[in-house]
Amino acid sequence: MSRPTLRNSIRNGSLAMLVMVVLLGLYTLPHVYRLGGAIRETLYRNYISIDAAQHMHAALHDLQVAELENRAAAVLPADRAAFFHWLDIEDRDYTEVGEPELAAEIRKRANRLFADVASAPPGARHDAEFAALHGRLDDLIAMNKSAMFRADSRASRLGGRLAYEFAIGLGLLLAFGAALSWWLVWTISHPLTDLAERLHGVSQRRAHLRLGPQKLAELDAVAREFNEMAERLEQYDQLNVERLLFEKSKTEAIIESLDDGVVLIDRDGVVIHINQTAAIILGIDQGDALGIPFDDLSSNHPHYLRVRDALRMFKKGANGERVEVTLHMRGRDHSFVVKPIPLRHGGAAALGTILLLQDVTYLRDQDRARANLVATLSHELRTPLTSLALSAELLSRDEAALAPRQRELLRAILEECARMKLLSDNLLNLARGDAGAIALERAPLDLARIVEQVAERFNIQAGEKGVSLTVRTEAPPMLEGDPVKLSWVVSNLVGNALRYTPPGGKIEIALRRRNGVALIEVTDTGPGIPPAIRNYIFEKFAQFGGNGAEKGAAGLGLAIAKDIVQAHGGRIFVESPEGGGSRFIVELPLPARI
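Okay, so the sequence shown: first residue is 20 according to this note's numbering, each after it adds one.
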């Protein structure tokens, strides 16, 4: 006789529960359908009438405002057409008693009102007629809302009854499931307990234990697999030492092949392995370091002493996860990042430390090369800027002889020369690594005036490129700050937008205030900024050439803008949704009195 299988027992019980679920579903589905119909009736039946009334309200309000501004004749045809369009929709959707009569009255009053407005002289007012017609539209909305509430009440009653009936069915299903679970536990627990007791011997390193036949077919198969596993464990114990030696050799080969210096230190601080690169960096011999505490290596080499002091700082809880040291090797200074990495297995305590010595000399060389390049460019800009400013100042002495347009261009040249000189100074300070380079000359300023002046300077460039440049200000705020530097920030953002926006695109400069801060937003319709670049777009030397656009000069504009905004206590960030376009937002805190 074949053994009963656990699979058949669970399958039969599951099928029984499935049958109960199907029966419960067959009972509740018609009720759910009725409930859905009631909800659809609640949400849709009277919605059209309410929506039509709202649109008629809007058309009347627009006409009434136009009448107050003496331009009723210009908007009357469009508003009348819109009003009767929605009234026609209402006439095709009567649902309540008295609604046709109310709609007819609305049509009658509307015809009379529109006729009076059309024939009235300029300056005439029809406030009473407007108010009366608005009141009848409100009555129409109230009638349909009341109908929706009644339908919602019916749906609620139906839903409550359905929930009660479903709860009863669910209770029966849970009772049957509990009974089935108790039966399965009682049937399976005894053989599983016996199997668990025998398997416990494996954890005690007693691989010679064997399991006998089991009552259930699945458990019997598990017993056979366990017996085979025990035999293989006996074989693996014999090969265990050889495999450990092989893995150790493989790990050492991997560590030796790394270009970075690696020192393995156990939990007691003893060096258990050091690769050749680390030995060369520290100036010690590999064989002399093994088995010796890292803090007590018999070496006075300055490289070892520097790295040892850095490791002690980490053990004392110094801030940071790494430290950079400069060591003189092969005739020049090399920069190394010293990073201790705890060696853990799973969530257990640290088994030791991996001391990583990573050579970052080439990165520091690149940083110095960039800084030198920026410093050279900034210094070379001074001579032509000085000459250009001097020429413009000489022209300004004969400003009276110039045409108005020429005087305007001359003033723009003088302002841009001053800003270019400030930019040159900022570039030079950044190249020198001067953390306090952004010094502010605070004074009361009008952000709206600054934004408008920047837009005026870029209008010619935008027109030549075929890009629309617009300015929108809402309640321009007054605050204290550096007008020259803030003007440069806005100019940089607009210049970037103009560079990346294709012909036919749009750029908008918006100024508004919200929650105690002034917001300057520069929005364009360019290619947008990919998320990978967006995360470091405000870092030094970050550049992006998207959609064929030319990159900036050195990638420092946004870095300088960020420093200026932060010096004012604000922040700058970018939003660039998928599909193109970017919005750079500058937030500046406003004084409490504003």
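For every residue, glycine included, the Cβ atom is placed at its ideal position computed from N, Cα and C.
This structure is a prediction, so every number in the text was calculated from the model and none was measured.
By the Cβ-count criterion, Asn534 is exposed, with fewer than 16 other Cβ atoms from all chains shown falling within 10 Å of its own Cβ. In this structure, Gly524 sits near Val486, with a CB-CB distance shorter than 7 Å. Nearest Cα to Gln295 within the set Val282, Ala467, Val38: Val282. Secondary structure remark: continuous beta strand (DSSP E) runs of at least 3 residues inside the segment 299-365, in chain order: 342-348, 351-362.
In this structure, the beta-carbon distance from Ile108 to Ala77 does not fall below 7 Å. The C-alpha of Arg351 is placed about 33 Å away from the C-alpha of Ile556. For Arg476, the uninterrupted alpha helix (DSSP H) run begins and ends at 466-484, by DSSP.
Pairing Phe313 with Ile284 gives a Cβ-Cβ distance under 7 Å. DSSP, read as helix, strand or coil, puts Gly545 in coil. Exclusion of the five residues before and after Ala101 leaves Ala78 as the residues of its chain whose Cβ lies within less than 6 Å of its Cβ. Counting C-beta atoms within 10 angstroms of its own C-beta, Tyr183 has fewer than 16 neighbours from the protein chains shown and is therefore classed as exposed.
Boundaries of the beta strand (DSSP E) around Ser601: 601-608. Distance check between Pro403 and each of Ala420, Glu418, Arg416, Met439 places Met439 closest, using alpha-carbon atoms only. Within the model, the alpha-carbon separation for Ile528 versus Gly545 is close to 15 Å. Note that the C-beta distance between Ile291 and Gln305 is not below 7 Å. Excluding the 5 residues flanking it on each side, Leu488 has same chain C-beta neighbours closer than 7 Å at Ala474, Phe477, Asn478, Ala481, Ile526, in chain order. If you draw a straight line from the Cα of Pro521 to the Cα of Arg424, it is about 28 Å long.
A distance below 7 Å between beta-carbons, with the five flanking residues on each side excluded, links Asp98 to the following residues of its chain, in chain order: Ala78, Asp81, Leu82.
Counting other Cβ atoms within 10 Å of its Cβ, Met248 stays below 16 and is therefore classed as exposed. For Phe168, the number of other beta carbons within 10 angstroms of its own is below 16, and it is reported as exposed.
Runs of alpha helix (DSSP H) with 4 or more residues, each lying fully within the segment 502-536, are found at 502-519, listed in chain order.
When rounded, the separation of the alpha-carbon atoms in Ala422 and Leu429 is 10 Å.
Here the segment 136-149 does not lie against the segment 112-119, with fewer than 3 beta-carbon pairs under 8 Å apart.
For Val84, the number of other beta carbons within 10 angstroms of its own is below 16, and it is reported as exposed. For Phe133, the three-state secondary structure derived from DSSP is helix. Partner residues in the beta bridge of Ala462, as assigned by DSSP, are Gly500. Boundaries of the beta strand (DSSP E) harbouring Glu594: 590-594, taken from the DSSP string.
The straight-line gap separating the alpha-carbon atoms of Ile548 and Val503 is approximately 28 Å. Of the residues assessed, Ala297 falls on the buried side of the cut-off, its CB having 16 or more other CB atoms within 10 angstroms. Here the C-alpha atom of Glu244 lies approximately 18 Å from the C-alpha atom of Arg26. Contact between Leu459 and Ala586 holds: CB atoms are separated by about 6 Å, below the 8 Å threshold. Residue burial is scored here from C-beta neighbours: Trp507 has at least 16 other C-beta atoms within 10 angstroms and is therefore classed as buried. Distance from the Cα of Ser68 is smallest, within the candidate group Val41, Leu95, Ala122, Ala92, for Ala122. Beta-bridge analysis with DSSP links Val281 to Leu375.
For Leu95, there is no enclosing beta strand (DSSP E); the residue is found in the alpha helix (DSSP H) stretching over 91-110. Nearest C-alpha to Leu42 among Leu192, Arg349, Gly288: Leu192.
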